[in-house]
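S.K.:
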Amino acid sequence: MTLGRSVGLNPNAFRHPLDSDLTRLVRGTTGGLEGLVRLGVRSLVEPFSRLENLAFGVRVSDCHLHSLLVEACDTLDVRVPELYVRQDPLPNAYTLAFRGETSIVATSALVSLLSDDELRAVFGHELGHIKCEHSVWLSVAGIAWPNVPVFGQTILSPLLADWRRAAEYTCDRAALLVVKDPKIVTSALLKLLSGLEDPPDPATFLSQARDYENTLRGANPLVRSLFASQKLSRLTHPLPLQRVAELDKWGASSAYAAALARIK
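Just so it is clear: in the sequence shown, position 1 is 1 by UniProt numbering, and no numbers are missing.
1. Ends of the beta strand (DSSP E) at I104?
2. Is E82 helix, strand or coil by DSSP?
3. My guess is that P91 and L192 are in contact by the Cβ rule of under 8 Å, so how many angstroms apart are they, rounded?
4. From this set, R234, L69, D211, R217, which residue's C-alpha is nearest V178's C-alpha?
5. Compute the distance between the beta-carbons of G128 and T170, then report whether it is under 7 Å.
6. Give a yes or no on whether the C-beta atoms belonging to R59 and Y84 are separated by under 7 Å.
7. Relative to the C-alpha of residue 271, which residue among A55, P199, L76, V223 is closest?
8. Give the secondary structure of T95 by DSSP, where H, G and I count as helix, E and B as strand, and everything else as coil.
9. Between the Cα of A259 and the Cα atoms of A13, G8, S20, which residue gives the shortest distance?
10. Helix, strand or coil for R27, going by three-state DSSP, please let me know.
11. S187: buried (16+ other C-beta within 10 angstroms of its C-beta) or exposed?
12. Checking 7 Å against the spacing of the C-beta atoms, do D248 and P146 come in under that value?
13. Check the DSSP bridge columns for R59 and list the partner residues they point to.
14. For Y212 and K180, I'd like the C-alpha separation in whole angstroms.
15. Just reading off the alpha helix (DSSP H) that T204 is part of, what are its end residues?
16. For residue 277, count neighbouring Cβ atoms within 10 angstroms of its own Cβ and tell me buried if that reaches 16, exposed if not.
17. Are three or more beta carbon pairs between the segment 105-118 and the segment 13-25 nearer than 8 Å?
18. Are K131 and V78 closer than 7 Å when you measure CB to CB?
19. Roughly how many angstroms lie between the CA atoms of residue 265 and L176, to the nearest whole one?
20. Going by alpha carbons, who is nearest to L39 out of T204, V140, P238?
21. For N10, which three-state DSSP category applies?
22. Can you list, in chain order, the residues of its chain with a C-beta nearer than 7 Å to that of D88? Leave out the 5 residues immediately preceding and following it.
23. Measure the C-alpha to C-alpha separation of W163 and A55 and round it to an integer number of angstroms.
24. Name the residue from L36, L96, H64 whose alpha carbon lies nearest to the alpha carbon of R50.
25. Output yes or no for whether 7 Å exceeds the beta carbon distance between L22 and A144.
26. Considering only residues of the same chain and omitting the five flanking positions on each side of H237, which have a CB-CB separation below 6 Å?
Below, the structure is given as structure tokens:
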């Protein structure tokens, strides 16, 4: 697969609207707090995270897996972070979403389960977090906003949760810019959701997403309320079927075409 290379790709080219609006709001209203958060990340969080990865993971470079990460970095114009693999039966990947001396961790189960293209998509997703520096801006908001009178906890907690979920939509878009095929991103999500090496066709899952939305809309209001409070309220990520539907919509948009045009 030829992924292409971008120079100076702005994260606003693929940010989800809510992620973009709240990032802009935090940048414009928190004064010098951003600098303090960055200092804390550089001096404490970043070295602690690297020590943990060095102690409990295997750093990989100059190998095929690392080359997939490098390709994704070239596409999104992100400096190549360190890559670690850790033994874990659960397929997962994560990063410290900060444009410093950061890293990406992939579990052994993830590497075994996904194809090369799907791994590129996962790396693209994590690089999206790094490029947008979600850890920085969510941390700044979490510190600053509780001191703003209009932000009571009844407003703040759901707002931050919505922002975290919007950040995942943003990073799914970054994944799509890397692999340029929604079916690949969807296939990776389906494997992570089901654990199956040969998951159903992505089109089938899109149909399931429509069934979910229709069933939710048609449900008794009490059922909707109970489902939201007991099953949805604590989610840090959108439901996979919501992510697939959102990505499918963005992949057909002029915004996606414009962002893709920046990649040569």
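C-beta atoms are modelled at their ideal positions from N, C-alpha and C, and glycine is treated no differently.
M.R.: If we stick to the structure as given:
1. Taking the sequence shown and counting its residues from 1, the one referred to as residue 104 is at position 104. From DSSP, the beta strand (DSSP E) with I104 extends over 103-107.
2. In the sequence shown, the residue the question calls residue 82 occupies position 82. Correct three-state label for E82: strand.
3. Numbered from its first residue, the sequence shown carries residue 91 at position 91. Numbered from its first residue, the sequence shown carries residue 192 at position 192. Yes, they are in contact, since the Cβ atoms of P91 and L192 sit about 6 Å apart, within 8 Å.
4. What you label residue 178 is simply residue 178 of the sequence shown in a count that begins at 1. Closest by alpha carbon: L69.
5. Numbered from its first residue, the sequence shown carries residue 128 at position 128. Numbered from its first residue, the sequence shown carries residue 170 at position 170. Yes.
6. Stepping through the sequence shown from its first residue, residue 59 is reached at position 59. Stepping through the sequence shown from its first residue, residue 84 is reached at position 84. Cβ atoms of R59 and Y84: closer than 7 Å.
7. In this structure the chain extends from 1 to 264, so residue 271 is not present and cannot be described.
8. One-based indexing of the sequence shown puts residue 95 at position 95. T95 falls in the strand class under three-state DSSP.
9. For the purposes of this step, residue 259 is taken as the residue at position 259 of the sequence shown. The shortest Cα separation from A259 among A13, G8, S20 belongs to A13.
10. On the sequence shown, residue 27 is found 27 positions in, with the first residue counted as 1. R27: helix per DSSP, three-state reduction.
11. The residue given as residue 187 occupies position 187 in the sequence shown. Buried, since its Cβ has 16 or more Cβ neighbours within 10 Å.
12. As a first step, residue 248 is located in the sequence shown; it is residue number 248 there, counting from the start. As a first step, residue 146 is located in the sequence shown; it is residue number 146 there, counting from the start. The answer is no: Cβ separation not under 7 Å.
13. Within the sequence shown, the letter at position 59 stands for residue 59. DSSP, once it has assigned bridges, lists Y84 as partnering R59.
14. Residue mapping note: residue 212 aligns to position 212 of the sequence shown, counting from 1. Residue mapping note: residue 180 aligns to position 180 of the sequence shown, counting from 1. Using only the alpha carbons, I get a separation of about 26 Å.
15. Mapped onto the sequence shown, residue 204 falls at position 204. Counting along the chain, T204 sits inside the alpha helix (DSSP H) bounded by residues 202-218.
16. Within the shown structure, residues of the chain are numbered from 1 to 264, placing residue 277 beyond reach of any answer.
17. no
18. Numbered from its first residue, the sequence shown carries residue 131 at position 131. Numbered from its first residue, the sequence shown carries residue 78 at position 78. Their beta carbons are under 7 Å apart, which means K131 touches V78 by this criterion.
19. An answer regarding residue 265 cannot be provided, because it is not within the stretch 1 to 264 covered by the chain.
20. Working through the sequence shown from its first residue, we reach residue 39 at position 39. Of the listed residues, the one whose Cα sits closest to L39 is V140.
21. Here residue 10 is taken as the residue at index 10 of the sequence shown, counted from 1. Correct three-state label for N10: coil.
22. Here residue 88 is taken as the residue at index 88 of the sequence shown, counted from 1. For D88, where only same-chain residues beyond five positions count, the Cβ hits under 7 Å are T107, S108, A109.
23. Here residue 163 refers to the residue found at position 163 of the sequence shown. Here residue 55 refers to the residue found at position 55 of the sequence shown. Approximately 32 Å between the Cα atoms of the pair.
24. As a position in the sequence shown, residue 50 is number 50, starting the count at 1. Nearest of L36, L96, H64 to R50, Cα basis: L96.
25. Position 22 of the sequence shown, counted from the start, is the residue given in the question as residue 22. Position 144 of the sequence shown, counted from the start, is the residue given in the question as residue 144. No, they are not a contact pair.
26. Residue mapping note: residue 237 aligns to position 237 of the sequence shown, counting from 1. Same-chain partners within the cutoff: E168.
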